[in-house]
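Participant: Sharing a structure with you now.
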Amino acid sequence: MSTGRVVIVGAGQGGFQAAASLRQEGLSGPITLIGAEPGLPYQRPPLSKAYLKTGEAAKLALRPQSFFDKNAINYLPETWVEGIDRAAAEVHAGGRRIAYDHLILATGTRNLRPPIDGIDAALDLRTLTDAAALRAALDGPRRLAVIGGGFIGLEFAAVARELGHEVSVAEAAPRLMARAVSPLMSDRFLALHRQLGVAVHLGAPVAAVSATGIALSDGTDIDADLVLLAAGVRPNTELAEAAGLAVENGIAVDARLLTSDPAISALGDCASFPDPRTARRIRLESVQAATDHARAIARRIVKGDDAYYAALPWFWSDQADCKLQIAGLAGAEDEAVAVSDSAVFRFAGGQLTAVETVNDARTHMQARKRLTASVPDRTTLEAAGFDLAA
Amino acid sequence: MVKVTYVDAEGAETRIEAEEGDTVMSAAIANDIDGIVGECGGSMMCATCHCYVDEAWAEKTGPRMDGEDDMLDCAASEVTERSRLSCQVRLTADLDGLVVHLPAEQI
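First to last, the protein sequences are chains A and B. Okay, so the first sequence: first residue is 231 according to the numbering used here, each after it adds one. Okay, so the second sequence: first residue is 133 according to the numbering used here, each after it adds one.
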């Protein structure tokens, strides 16, 4: 369709991209982009990186107001969506009813708040409001405790050390970033953080948060003036569930990113979709998934392009002077082979599933190309000395 | 302020004023220049802020940064010796009047 009404719930990177791509593909009908937060849609990745250092909020905007005006995108900030009436094809938001021909759910995630005693005292780092509060609290030297040794917790820890704070990280799993990288890469980043002076506690679930710090379940007390909770996220699926859509670790979509209602798509962090390579249902938390999903949905809605979604996942994390890049998606059990000082290849069933690199953009980009084109097998790669360009 | 002119693939020019310290990419985004996408926000994870530095400015903008060549390998439009990732070109007083040309495709 090129003239229909599209409503997008969620104005993060994916929701924004959907609006932009719909116009770019030639949709002439009204586009309504509904966001819960104030201000223009903004980039989240810098919140745990550059923004903590500079505090430059204006630089985070994905596009200025003029972009929304020029493209006739009706952006509704600080607007809460109360429900979806599928029978009437209307969204109820801020006391209004907004009719749609197609609805896109880009509701994202929110921080997981584990049932830890006193956890309400811990700060979050997810929204610009969170990041601004955190920055304000770091106006002098502080002792900081971070719950969670994933991307966000570790990026924060690295910046906080650079800013001169004392930092402890408590991770419940036996290694850092266990969900995202191989044990080899976890070890490498453990060494980095210890070298930076971060006190890293592994296999260390937190039992309690208090005004004086955190208590680990083994009885260790870590004194801290401020506690950051960075223990992962959960997808915002309540709207979809209330509307009777299928939910399975996220709003369930098919290979074309359609929910169980053909008039509703879902994208990005909130959507679980079939992995084009393994057919396993996956949910990714990344800029790449948000924007690639958005573009695929826009092409389908406007041009009728109903090709299966097939984009290759990629991720990055900047910690001190180390840029971690991941091309592809490995399962937790996939084999890890250190092929050089800067690269780890992951294999399952004799096939390359992912490549993890540190400060090695060349290998990362080669991996993105190779994994997009085909599924390289281990024997061939080994014969080429693991040179992806060979 | 530093003046920058963006010339799109059809030859249309837009001149904007940016602050020293901004990048050619961030200035384009802030001024709503079509033709620069900047999807990763300047993290050198994509090649969607590809530009061609005008010949007259090539020396002043200097050589590519570490890793830039590798990212440019994945650019959607032709890569020439003038190609840069605009997120890696930081504006200084020396670059006042800079002219960059934009490719037809970024994705």
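For every residue, glycine included, the Cβ atom is placed at its ideal position computed from N, Cα and C.
Using beta carbons (cut-off 9 angstroms, strictly below), is A526 (chain A) in contact with chain B?
Facilitator: Walking along the first sequence from the start, residue 526 (chain A) turns up at place 296. No, A526 (chain A) lies away from the interface with chain B (no Cβ there is under 9 angstroms from its Cβ).
Participant: Identify every residue that forms a DSSP beta bridge with S398 (chain A).
Facilitator: Taking the first residue of the first sequence as position 1, residue 398 (chain A) is located at position 168. Answer by DSSP bridge pairing, in chain order: A:A375 and A:A429.
Participant: What do you reckon, are the CB atoms on R214 (chain B) and V156 (chain B) nearer than 9 angstroms?
Facilitator: The residue you call residue 214 (chain B) lines up with position 82 of the second sequence. The residue you call residue 156 (chain B) lines up with position 24 of the second sequence. Not closer than 9 angstroms, so no.
Participant: Within 10 angstroms of the Cβ of Q425 (chain A), are there 16 or more other Cβ atoms? Answer buried if so, exposed if not.
Facilitator: The residue you call residue 425 (chain A) lines up with position 195 of the first sequence. Q425 (chain A) should be labelled exposed.
Participant: Using a Cβ-Cβ distance under 9 angstroms, would C219 (chain B) count as near chain A?
Facilitator: Numbered from its first residue, the second sequence carries residue 219 (chain B) at position 87. Judged by the 9 angstroms Cβ criterion, C219 (chain B) is not in contact with chain A.
Participant: A295 (chain A): buried (16+ other C-beta within 10 angstroms of its C-beta) or exposed?
Facilitator: The residue you call residue 295 (chain A) lines up with position 65 of the first sequence. What sits at residue 295 (chain A) in the sequence shown is Gln, not Ala. Exposed: under 16 other Cβ atoms inside 10 Å.
Participant: DSSP has Q518 (chain A) in a bridge; who is on the other side?
Facilitator: On the first sequence, residue 518 (chain A) is found 288 positions in, with the first residue counted as 1. None, per the DSSP bridge assignment.
Participant: What are the start and end residues of the beta strand (DSSP E) that includes R576 (chain A)?
Facilitator: Residue numbering aside, residue 576 (chain A) sits at position 346 when the first sequence is read from its first letter. Element bounds for R576 (chain A): A573 to A578.
Participant: Looking at chain B, which residues of the region 533 to 548 of chain A have a Cβ within less than 8 angstroms of any of its Cβ atoms?
Facilitator: Cβ contacts with chain B come from W544, W546 and D548.
Participant: Can you tell me which residues form a DSSP beta bridge with D347 (chain A)?
Facilitator: Mapped onto the first sequence, residue 347 (chain A) falls at position 117. Looking at the DSSP assignment, D347 (chain A) forms a beta bridge with A:A438.
Participant: For M595 (chain A), which residues in chain B fall below 8 angstroms Cβ to Cβ?
Facilitator: On the first sequence, position 365 is the one that residue 595 (chain A) refers to. Per Cβ cutoff of 8 angstroms: D202, M203, D205 and C206.
Participant: For the beta strand (DSSP E) holding Y305 (chain A), just list the boundary residues, first then last.
Facilitator: Reading the first sequence from its first residue, position 75 is the one you call residue 305 (chain A). Start and end: I303 to L306.
Participant: Examine chain B for any beta-carbon lying closer than 9 angstroms to the beta-carbon of F381 (chain A), and answer yes or no.
Facilitator: To locate residue 381 (chain A), count along the first sequence from 1; it is residue 151. No - not a single Cβ of chain B is within 9 angstroms of the one on F381 (chain A).
Participant: Mind listing the chain A neighbours of G173 (chain B)? Cutoff is C-beta to C-beta under 7 angstroms, in chain order.
Facilitator: In the second sequence, counting from the first residue as 1, residue 173 (chain B) sits at position 41. Chain A residues near G173 (chain B): Q273, P275 and P276.
Participant: Answer with buried or exposed for N304 (chain A), where buried requires no fewer than 16 other C-beta atoms within 10 angstroms of its C-beta.
Facilitator: For the purposes of this step, residue 304 (chain A) is taken as residue 74 along the first sequence, with counting starting at 1. It is exposed - the Cβ of N304 (chain A) has fewer than 16 other Cβ atoms within 10 Å.
Participant: Which residue or residues does DSSP assign as beta-bridge partners of P606 (chain A)?
Facilitator: Indexing the first sequence from 1 puts residue 606 (chain A) at position 376. Answer is none; P606 (chain A) lacks a bridge partner.
Participant: Does the region 467 to 477 of chain A come close enough to the region 379 to 387 of chain A to have 3 or more Cβ pairs within less than 8 angstroms?
Facilitator: In short, these stretches do not touch, since the Cβ pair count stays below three.
Participant: Taking 9 angstroms as the cut-off, decide whether the C-beta atoms of L355 (chain A) and A460 (chain A) are in contact.
Facilitator: Here residue 355 (chain A) refers to the residue found at position 125 of the first sequence. Here residue 460 (chain A) refers to the residue found at position 230 of the first sequence. In this structure, A460 (chain A) lies closer than 9 angstroms to L355 (chain A) by Cβ.
Participant: Closest to L559 (chain A) by C-alpha separation, out of A:D548, A:R409 and A:A550, would be which residue?
Facilitator: To locate residue 559 (chain A), count along the first sequence from 1; it is residue 329. Nearest of A:D548, A:R409 and A:A550 to L559 (chain A), Cα basis: A:R409.
Participant: How would you label K279 (chain A), buried or exposed, when you count the other beta carbons within 10 angstroms and need 16 or more for buried?
Facilitator: Counting from 1 along the first sequence, the entry for residue 279 (chain A) is found at position 49. Label assigned to K279 (chain A): buried.
Participant: Within 8 angstroms, do at least three Cβ pairs link the region 537 to 550 of chain A to the region 494 to 513 of chain A?
Facilitator: Touching, yes.
Participant: Since I believe L487 (chain A) is in contact with L353 (chain A) (beta carbons under 8 angstroms), could you give me their beta-carbon distance rounded to a whole number of angstroms?
Facilitator: By 1-based counting over the first sequence, the position of residue 353 (chain A) is 123. By 1-based counting over the first sequence, the position of residue 487 (chain A) is 257. In fact, because the Cβ distance is near 34 angstroms, the residues do not count as touching under 8 angstroms.
Participant: Using a Cβ-Cβ cutoff of less than 8 angstroms, which residues in the same chain neighbour D417 (chain A) once the five nearest sequence positions on both sides are dropped?
Facilitator: As a first step, residue 417 (chain A) is located in the first sequence; it is residue number 187 there, counting from the start. For D417 (chain A), where only same-chain residues beyond five positions count, the Cβ hits under 8 angstroms are R405.
Participant: Tell me, please, whether the CB atom of P294 (chain A) is closer than 9 angstroms to any CB atom in chain B?
Facilitator: Numbered from its first residue, the first sequence carries residue 294 (chain A) at position 64. Yes - at least one Cβ of chain B is within 9 angstroms of the one on P294 (chain A).
Participant: Counting pairs of beta carbons, one from the region 579 to 593 of chain A and one from the region 551 to 570 of chain A, are three or more of them closer than 8 angstroms?
Facilitator: The region 579 to 593 of chain A vs the region 551 to 570 of chain A: in contact.
Participant: One question on the structure: do D338 (chain A) and G256 (chain A) come within less than 9 angstroms of each other, judged by their Cβ atoms?
Facilitator: If you number the first sequence from 1, residue 338 (chain A) lands on position 108. If you number the first sequence from 1, residue 256 (chain A) lands on position 26. Position check: residue 338 (chain A) holds Gly in this sequence, whereas Asp was assumed. Not closer than 9 angstroms, so no.
Participant: What span of residues does the beta strand (DSSP E) with D453 (chain A) cover, start to end?
Facilitator: Residue mapping note: residue 453 (chain A) aligns to position 223 of the first sequence, counting from 1. It spans D451 to D453 - the beta strand (DSSP E) in which D453 (chain A) sits, taken as one unbroken run.
Participant: With V236 (chain A) and I261 (chain A) assumed to form a contact (beta carbons below 8 angstroms), what rounded beta-carbon distance in angstroms separates them?
Facilitator: Within the first sequence, numbered from 1, the residue matching residue 236 (chain A) stands at position 6. Within the first sequence, numbered from 1, the residue matching residue 261 (chain A) stands at position 31. Contact holds; Cβ gap of about 5 angstroms.
Participant: By a C-beta neighbour count over all protein chains shown, 10 Å radius and 16 as the cutoff for buried, is A236 (chain B) buried or exposed?
Facilitator: Walking along the second sequence from the start, residue 236 (chain B) turns up at place 104. Classification for A236 (chain B): exposed.
Participant: So, at 8 angstroms on beta carbons, what are the nonlocal neighbours of E267 (chain A) in its own chain, with the 5 sequence-adjacent residues on each side left out?
Facilitator: Looking up residue 267 (chain A) in the first sequence gives position 37. Hits under 8 angstroms: A241, P307, E308, T357, L358 and T359.
Participant: Can you list the residues of chain A that S158 (chain B) reaches, using a CB-CB cut of under 8 angstroms?
Facilitator: As a working note, residue 158 (chain B) is residue 26 in the second sequence. Here the neighbours are K289.
Participant: So the candidates are B:E145, B:C206, B:G170 and B:Y138; which of them puts its Cα closest to the Cα of L290 (chain A)?
Facilitator: Numbered from 1 along the first sequence, position 60 holds the residue referred to as residue 290 (chain A). Among B:E145, B:C206, B:G170 and B:Y138, the Cα nearest to that of L290 (chain A) belongs to B:G170.
Participant: Name the chain A residues that come within less than 7 angstroms of G199 (chain B), Cβ to Cβ?
Facilitator: Mapped onto the second sequence, residue 199 (chain B) falls at position 67. The answer, in chain order, is A591.
Participant: From V139 (chain B) to L234 (chain B), what does the alpha carbon distance come to, in whole angstroms?
Facilitator: Residue numbering aside, residue 139 (chain B) sits at position 7 when the second sequence is read from its first letter. Residue numbering aside, residue 234 (chain B) sits at position 102 when the second sequence is read from its first letter. Those two C-alpha atoms are separated by around 6 angstroms.
Participant: Just checking my contact of V436 (chain A) with A400 (chain A) at CB under 8 angstroms: how many whole Å lie between their CB atoms?
Facilitator: The sequence position of residue 436 (chain A) within the first sequence is 206, counting from 1. The sequence position of residue 400 (chain A) within the first sequence is 170, counting from 1. Going by Cβ atoms, the distance from V436 (chain A) to A400 (chain A) rounds to 5 angstroms, so yes, they are a contact pair.
Participant: Alpha helix (DSSP H) containing V156 (chain B): first to last residue?
Facilitator: Position 24 of the second sequence, counted from the first residue, corresponds to residue 156 (chain B). Start and end: V156 to A162.
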